[in-house]
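So that you can map any letter, position 5 of the sequence shown is -12 in this note's numbering, and since no number is skipped, the others follow by simple counting. Take a look at the structure below.
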Amino acid sequence: VVPNLPPHRLLSLDETGFSLNMAPRFGYAPIGQRVQAYKPEVVEGAVNTEIFYNFISNVKLPTDEKYYLIMDNLRIHKNKKIRELLKQKNIEPIYIVPYFPQLNPTEWFFNTVKQYGKKWKPRSEEELMSVLAEKM
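What follows is the structure, encoded as structure tokens:
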């Protein structure tokens, strides 16, 4: 399905955890351009439906164009309230096959970010946030 969709309308999303022993060496972007990532918030603990809803609510995209959001099958991603919000924003969810996280580009990005964390070895929350802000 994804190869037939316009690449400039594809979005990908996932949640991840970081510890004070992590941060990417590389990312993928068109030649001559830097990798771009939307990082509006960091939360402590697990992401629930309310947090995810607020995150999606804050994503600003033109509503006259249809977008496609690649994400895993996490229960909150399929919540009725979330599906309705995505529909309002003209975003069609594309759920990846279970147990194949490598199909989500965001997984590759997070892996790279975590490799930077291992290199810089932040030892406090402030150091971790500084490394993440710099590398993302």
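Even glycine gets a Cβ: it sits at the ideal position worked out from N, Cα and C.
Option in the options with minimal Cα separation from residue i
i        : options                                 : result
LEU(-6)  : TYR82, ASP55 and ASN31                  : ASP55
SER40    : LYS64, ILE14 and ILE53                  : LYS64
LEU(-12) : TYR51, GLU33, TYR78 and LYS102          : TYR51
ILE79    : TRP91, LEU57, GLU67 and GLN98           : LEU57
GLU33    : GLY15, PRO13, LYS61 and ILE14           : LYS61
THR89    : ARG(-8), PRO(-10), PRO(-14) and THR(-1) : THR(-1)
Expected contact under 8 angstroms - CB spacing of residue i and residue j to nearest Å
i      : j       : result
ASN87  : ASP(-3) : 6 angstroms
VAL26  : ILE59   : About 13 angstroms; that fails the 8 angstroms criterion.
PRO105 : VAL114  : 5 angstroms
ILE14  : ILE53   : Not a contact, Cβ separation roughly 23 angstroms.
Residue-level contact to chain C via CB, residue i, 8 angstroms cutoff
i     : result
PRO81 : The structure shown contains no chain C, having only a single protein chain.
Element boundaries [beta strand (DSSP E), containing residue i]
i       : result
LEU(-6) : -7 to -5
Residue i beta carbon near the ligand ZN (any heavy atom closer than 7 angstroms)
i     : result
TYR82 : What this structure holds is no ligand at all, so the ligand ZN is not there to describe.
Could you tell me which uninterrupted alpha helix (DSSP H) segments, each at least 4 residues in length, are contained entirely in the region 69 to 112, listed from first to last along the chain?
88 to 103
Go through the region 35 to 73 residue by residue and report every complete run of the alpha helix (DSSP H) that reaches 4 residues or more, in order.
Counting only runs of 4 or more, we get 63 to 71.
Do the region 34 to 47 and the region 66 to 75 make contact, defined as three or more Cβ pairs closer than 8 angstroms?
Contact holds: three or more Cβ-Cβ distances are below 8 angstroms.
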